[in-house]
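Heads up: the structure comes next, in structure tokens.
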Amino acid sequence: MKALIPLLLIALAAPLAAQERERIAAERAEVEARFATQQRECESQFIVASCIDTAQAVRREALAKLRKQELALNQAERKQKAAERSAEIRAKENAPPPPAKPVPMPPAAEPGKTGSEPPSARIRQPKPVPPQPSAEELAANRARYEQRQIDAQKHREEVARRNQERAAQKKPSVPLPVPPASGATP
Numbered sequence: 000m001k002a003l004i005p006l007l008l009i010a011l012a013a014p015l016a017a018q019e020r021e022r023i024a025a026e027r028a029e030v031e032a033r034f035a036t037q038q039r040e041c042e043s044q045f046i047v048a049s050c051i052d053t054a055q056a057v058r059r060e061a062l063a064k065l066r067k068q069e070l071a072l073n074q075a076e077r078k079q080k081a082a083e084r085s086a087e088i089r090a091k092e093n094a095p096p097p098p099a100k101p102v103p104m105p106p107a108a109e110p111g112k113t114g115s116e117p118p119s120a121r122i123r124q125p126k127p128v129p130p131q132p133s134a135e136e137l138a139a140n141r142a143r144y145e146q147r148q149i150d151a152q153k154h155r156e157e158v159a160r161r162n163q164e165r166a167a168q169k170k171p172s173v174p175l176p177v178p179p180a181s182g183a184t185p
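Mind the numbering: the sequence shown is residues 0 to 185 in numbering that gives the first Met the number 0, read in order.
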């Protein structure tokens with residue numbers, strides 16, 4: 000019974016919170032409209048800056064009041080949700096545990112067995128070993144490997160030759176000048 004009371008309060012408070020949010024939004028729109036009107040009126044006066052400053056101060060004050068109301072509403076909503084969550088947790092803790100589900104038995108390996116014998120009595124079947132490649136496959140694999148090695152060596156030699164050609168085409172760099180001797184003489 001105690002768990003139902005917070006839930007009833009939350010159910011009743013939800014429509015009120017929505018109405019309160021609508022009221023705050025309407026008041027905020029009214030404050031903004033009033034500020035826009037005052038701003039237009041200020042522009043028609045000789046001293047515009049002080050009039051607009053006054054209008055902004057009034058607007059800031061009204062929006063601050065609305066913001067406080069909105070923050071209070073948000074805090075109340077958070078408290079309601081926390082109370083709801085704690086009520087759910089208490090209900091879960093007080094609820095009887097669900098009945099245990101039966102554990103399904105693995106299907107029998109052979110038609111005559113029920114699967115109730117101990118694990119040590121079962122004979123473990125080894126996994127089939129993949130077949131070994133034939134001599135022809137081994138020879139073909141070896142030939143492909145050797146050909147790849149030869150191709151890689153040719154590529155390395157070609158890259159080295161190109162690098163040497165590029166280095167020969169460039170003019171040699173000038174060494175850095177020797178720094179002058181320091182002012183101290185020995």
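Glycine included, C-beta positions come from ideal geometry on N, C-alpha and C.
Terminal residues of the alpha helix (DSSP H) in which residue i lies
{"i": "residue 147", "result": "134-168"}
{"i": "residue 58", "result": "47-93"}
Residue environment, residue i, which counts as buried when at least 16 other CB atoms sit within 10 Å
{"i": "residue 54", "result": "buried"}
Euclidean distance between Cα positions of residue i and residue j
{"i": "residue 137", "j": "residue 145", "result": "12 Å"}
{"i": "residue 169", "j": "residue 177", "result": "24 Å"}
{"i": "residue 267", "j": "residue 80", "result": "It is not possible to answer for residue 267, since the shown part of the chain is limited to 0 through 185."}
{"i": "residue 75", "j": "residue 89", "result": "21 Å"}
{"i": "residue 45", "j": "residue 20", "result": "39 Å"}
{"i": "residue 85", "j": "residue 97", "result": "20 Å"}
{"i": "residue 131", "j": "residue 149", "result": "27 Å"}
{"i": "residue 28", "j": "residue 36", "result": "12 Å"}
{"i": "residue 158", "j": "residue 165", "result": "11 Å"}
{"i": "residue 127", "j": "residue 161", "result": "52 Å"}
Three-way DSSP call (helix, strand, coil) for residue i in this model
{"i": "residue 122", "result": "coil"}
{"i": "residue 206", "result": "The structure shown does not extend to residue 206, since the chain spans only 0 to 185, so no value can be given for it."}
{"i": "residue 173", "result": "coil"}
{"i": "residue 180", "result": "coil"}
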